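Following: one structure in structure tokens, then a few remarks.
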Amino acid sequence: MSAGANLSVTDLRRAARHPVDFPVIAEHRRLGDIELHVANLSAHGFMVDNADGLQRGDRVIIRLPVVGRIEAYVIWTRDERAGFQFERIVRLDDFLAIIDELQPNPRLRRLR
Numbered sequence: 001m002s003a004g005a006n007l008s009v010t011d012l013r014r015a016a017r018h019p020v021d022f023p024v025i026a027e028h029r030r031l032g033d034i035e036l037h038v039a040n041l042s043a044h045g046f047m048v049d050n051a052d053g054l055q056r057g058d059r060v061i062i063r064l065p066v067v068g069r070i071e072a073y074v075i076w077t078r079d080e081r082a083g084f085q086f087e088r089i090v091r092l093d094d095f096l097a098i099i100d101e102l103q104p105n106p107r108l109r110r111l112r
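Residue numbering for the sequence shown follows our numbering, beginning at 1 and increasing consecutively.
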């Protein structure tokens, strides 16, 4: 059995998140172009810390390095934060390239 086999789903979720400091312009059907600040990122989605006006179920399109335009929808909101899930999963090699570009300091990257 591998060492990773003992990890819980919560551990895997937490390990997959990478802190970033990434401002984006998101396309929103109702609100038009909105400025969002991506605070962490995973292959499945991201969290913003300036989600004023966003509601669960809202959809946006953002542009990320490597993969370009990608659609995501709000799955939770709390205070000024919101969690988004991508419409499609980002391939692992593409995700690692995104993290390398958004967080070039290896000391600040989470362990992979």
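Heads up, the beta-carbon is just placed ideally off N, CA and C, and yes, glycines get one too. As the structure is a prediction and not an experimental result, all values here were calculated from the model.
Considered as a whole, the segment 15–54 harbours 18–28, 32–41 and 45–48 as its complete beta strand (DSSP E) runs of no fewer than 3 residues, in chain order.
Comparing alpha-carbon positions, the option among Arg78, Arg59, Ala39 and Gly53 lying closest to Ala72 turns out to be Arg59.
With contacts defined as CB atoms closer than 8 Å, Val74 and Ala97 fail to qualify as a contacting pair. Setting aside the 5 residues that flank it on each side, Ile61 is surrounded in the same chain by Glu27, Arg69 and Glu71, each with a C-beta closer than 6 Å to its C-beta; the list follows chain order. Check the Cα spacing between Ala51 and each of Arg78, Ala16 and Arg91: the tightest is with Arg78. DSSP places Glu101 in the uninterrupted alpha helix (DSSP H) bounded by Leu92 to Leu102.
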